[in-house]
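Sequence order for the protein chains is V and W.
With positions in the first sequence counted from 1, the corresponding number in this note's numbering is that position plus 359.
With positions in the second sequence counted from 1, the corresponding number in this note's numbering is that position plus 2.
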Amino acid sequence: MKFYQEITSQAIQLFEPDPDAIYTLEVAERLAHVPRRRIVVYYKHGLVSPVADPAYGGFYFNDEGIRMLRRIEHLYSVCGINLAGVKMIITLMNEAERLRTEARFLRAR
Amino acid sequence: MPVEFKDYYAILDVPRTATDQDIKKSFRKLARKFHPDVAKDKKTAEEKFKEINEAYEVLSDPEKRKKYDQYGASWKEGGGFQPPPGWQSGAGRGAEGAQTQEFHFGGTGFSDFFEQLFGRSRHGGFGFGGRGFEADEATQPRGPARGYDIEGDILVTLEEAMRGSVRSISLQRANPRTGQTETLTFKVRIPVGVQEGQTIRVPGKGGDGASGGASGDLFLHVLYAAHPDFRARGPDLHYELELAPWEAVLGTTVSVPTLDGPVKVRIPASTNNGRQLRVRGHGLPKGRDGERGDLYVIVNVQLPAQLTDEERELWERLSRVSRFNPRQPAST
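Here it is in structure tokens:
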């Protein structure tokens, strides 16, 4: 048993990200380090979309959602941009991302 | 830290004046040769394949190529690579007094050189040293400050997206307290069916938190590596099939490569150039439940460059006999 532990302590860590993992509002609050009240505010402004519709009792986020929450949080509280501005920036960034992917696809012809 | 310069032109074996077509051709040739599924010596071939892909990623994009030509050429004079002005401008923003953070990636399929020259602006905008301590204190007066997040791109081959794989990632960063560089090495499993644009979150591998706060996370942004045969669009794959004019007119059956081996595709008679034929279920996995995208075969009719006398005679005969006129479709 001890031998086994020694090996694992030296072995390189392996992360197995679970793409299907979803987090509750409480876990999302802890992971994204955003107070849950603010998450709800972001949701009301249409900035984050939980995987399940809150109208049916679910307020769950996946890893994309966590990343989005952090982006918003960064723009909102570190860069000091108001929510309307954050919304515009996020929309533009998504658009740029989409166009970049499209350009890459078309260029490969 | 000077970053080792990589001559992308030498890697792709093209002159600096090469056209986009030349680059593409050379990439396809080399990528086929060094494709990890084909080559005998898997280990070196894989390295080479990633290198080729990185070079192609830069040289196939006119904007990146311009940037590379501009800054990448100065490496000879300076000895080490001189970072272009402003390449690190994003780092350390968000809080005055926060240390400038430097990260060097390994194992993502992009070299440090690539990461530094083409590192996305969001590295600066989001978390790349942006979550400084001062800023956090201002917004959250009490409680420990969370570490910042690090974002990076990872090149994933289509085969890896199909079957999943384990990648070894190394992350070099300066310890803010001691100023020494430390290297973190860990493995990340690429999940089956990962899609372009998805992010893989590696918890706790971002910057360290302050006063007992949790560490930030590492976000790896998935980019599909260019494949010599296929182009990916979401879960669908596009394959360009080159046909002779008579094959397109008369119809034929051809063998088309897929990720699971060749399949036979029937080309119907009078298939027009650019027509898309769908081979259901031969694309990339849509998730882990086994559902898959489609393979689109796009017809690309090629004309013979040189004609023998006999061929010329036959074409001339055809032009006399045929009443087909594409410019006047209604009146015959």
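Where a beta carbon is used, it is the ideal one built from N, C-alpha and C, also for glycine.
Reduced DSSP secondary structure (H/G/I, E/B, other) of residue i
i, result
"Ala462 of chain V", "helix"
"Thr310 of chain W", "coil"
"Ala234 of chain W", "strand"
"Asp24 of chain W", "helix"
"Leu243 of chain W", "strand"
"Pro193 of chain W", "coil"
"Met3 of chain W", "Confidence at Met3 of chain W is low in this model, with a pLDDT of 46, below 50, so its placement is unreliable and the value that follows should be read with caution. It is coil, neither helix nor strand."
"Pro287 of chain W", "strand"
"Tyr70 of chain W", "helix"
"Lys42 of chain W", "coil"
"Tyr226 of chain W", "strand"
"Lys266 of chain W", "strand"
"Phe188 of chain W", "strand"
"Thr254 of chain W", "strand"
"Thr159 of chain W", "coil"
"Asn327 of chain W", "coil"
"Arg319 of chain W", "helix"
"Tyr150 of chain W", "coil"
"Arg389 of chain V", "helix"
"Val445 of chain V", "helix"
"Thr450 of chain V", "helix"
"Asn55 of chain W", "helix"
"Pro280 of chain W", "Position check: residue 280 of chain W holds Arg in this sequence, whereas Pro was assumed. Three-state DSSP puts Arg280 of chain W in a strand."
Beta-carbon proximity check, residue i vs residue j, cutoff 8 Å
i, j, result
"Thr460 of chain V", "Glu198 of chain W", "yes"
"Phe51 of chain W", "Phe29 of chain W", "no"
"Leu384 of chain V", "Arg397 of chain V", "no"
"Pro193 of chain W", "Gly166 of chain W", "yes"
"Val258 of chain W", "Val323 of chain W", "no"
"Leu245 of chain W", "Val301 of chain W", "yes"
"Pro17 of chain W", "Tyr11 of chain W", "yes"
"Asp15 of chain W", "Arg466 of chain V", "no"
"His1 of chain W", "Glu153 of chain W", "The structure shown does not extend to residue 1 of chain W, since chain W is modelled only from 3 through 334, so no value can be given for it."
"Leu428 of chain V", "Ala387 of chain V", "yes"
"Met164 of chain W", "Pro38 of chain W", "no"
"Ile13 of chain W", "Glu53 of chain W", "yes"
"Pro230 of chain W", "Arg67 of chain W", "no"
"Gly289 of chain W", "Leu297 of chain W", "no"
"Leu373 of chain V", "Arg191 of chain W", "yes"
"Glu48 of chain W", "Gly111 of chain W", "no"
"Ala216 of chain W", "Gly276 of chain W", "no"
"Leu458 of chain V", "Ile448 of chain V", "no"
Anticipated Cβ contact below 8 Å, residue i with residue j, distance rounded
i, j, result
"Phe221 of chain W", "Arg203 of chain W", "6 Å"
"Ala228 of chain W", "Val303 of chain W", "So it is not a contact: roughly 24 Å between Cβ atoms."
"Lys189 of chain W", "Ser113 of chain W", "Between Ser113 of chain W and Lys189 of chain W the Cβ distance is about 19 Å, and since that is not below 8 Å, they are no contact."
"Ile425 of chain V", "Val445 of chain V", "That pair is no contact at about 16 Å."
"Gly195 of chain W", "Asp151 of chain W", "Not a contact, Cβ separation roughly 24 Å."
"Leu186 of chain W", "Leu173 of chain W", "5 Å"
"Gly295 of chain W", "Gly236 of chain W", "7 Å"
"Ile381 of chain V", "Val399 of chain V", "Contact doesn't hold; Cβ gap of about 17 Å is too wide."
"Leu160 of chain W", "Tyr226 of chain W", "6 Å"
* Asked: Which runs of the alpha helix (DSSP H) spanning at least 4 residues fall entirely within the stretch 394-436 of chain V, listed in chain order?
  -> 395-403 and 422-432
* **Stretch-stretch touch, CB-based, cutoff 8 Å, three pairs: the stretch 262-270 of chain W with the stretch 234-242 of chain W** => no
* the stretch 305-322 of chain W / the stretch 264-274 of chain W touching (three or more Cβ pairs under 8 Å) -> no
* To do: Using a Cβ-Cβ cut-off of less than 9 Å, give me the residues of the stretch 14-29 of chain W that come near chain A, in sequence order.
  => Of the protein chains in the structure, V and W, none is chain A.
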